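For reference, the structure is listed below as structure tokens.
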Amino acid sequence: MSSWQTIAKTSDVPPGQGRTFSVDGKLIALFNVDGEFRAINDLCPHMGASLSEGYVEKGAVMCPWHAWRFCLKDGSWLDAPKSKVRTETFDVRVEGDTVLIDVDSGDMFEPTSDPSEK
């Protein structure tokens, strides 16, 4: 089952940046990666920092608190690819200048504050 909802206009998120939006009580970080939009849970699974405030490069976002890097496509933790730590991702589609996400497509993560995962 899918539940597509409007999250933003394409002009709301400049290329190479992220913005936070609230959808159904969830904080979603929406990123514009060279005109391609990606959506993940805005809260870093490590300590809860806002990932939309992180540095975006090469399809990944770096957490602004502890520099953990997450793939914007699949949510994997790039600093420890074999780890189960990841962030929730959401399907995105663009219709004209409107960005929509499927809020039911999210795959939940298990937060950790254990740096030994690294």
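Note that numbering that gives the first Met the number 0 has the sequence shown beginning at 0, numbered continuously upward. Backbone N, C-alpha and C define an ideal beta-carbon position, used for all residues, glycine too. These numbers come from a predicted model, not from an experiment.
Residue burial classification, residue i (beta-carbon count within 10 angstroms, cutoff 16)
i: His65; result: exposed
i: Gly34; result: exposed
i: Ser51; result: buried
i: Thr88; result: buried
i: Asp96; result: exposed
i: Ser82; result: exposed
i: Ser21; result: exposed
One or two residues paired with residue i in a DSSP bridge
i: Asp101; result: Trp3, Asp90
i: Ala38; result: Leu29, Phe89
i: Trp67; result: Trp67 pairs with nothing; no bridge assigned.
i: Ser51; result: None; Ser51 has no bridge partner.
i: Val12; result: Its beta-bridge partners do not exist; DSSP assigns none.
i: Gly24; result: Looking at the DSSP assignment, Gly24 forms no beta bridge with any residue, so it has no partner.
i: Ala79; result: According to DSSP, Ala79 bridges with nothing at all.
Contact check, residue i vs residue j, beta carbons under 8 Å
i: Val93; j: Thr9; result: yes
i: Arg85; j: Asp78; result: no
Contact set for residue i: own chain, Cβ-Cβ below 7 Å, skip 5 residues either direction
i: Ser2; result: Asp101, Val102, Asp103
i: Cys62; result: Cys43, His45, Ala48, Leu50, Gly53
i: Lys72; result: Arg37, Gly58
i: Gly24; result: none
Whole-angstrom C-beta distance between residue j and residue i, which should lie under 8 Å
i: Leu26; j: Asp11; result: Not a contact, Cβ separation roughly 15 Å.
Cutoff 6 Å; reference residue i; Cβ partners in own chain excluding five residues on either side
i: Gly15; result: Val55
Sequence-distant residues of its chain with Cβ nearer than 8 Å to residue i (five each side left out)
i: Phe36; result: Thr9, Val12, Leu29, Phe30, Val91, Val93, Val98
i: Val119; result: Residue numbering for the chain in the displayed model covers 0 to 117; residue 119 lies beyond these limits and cannot be assessed.
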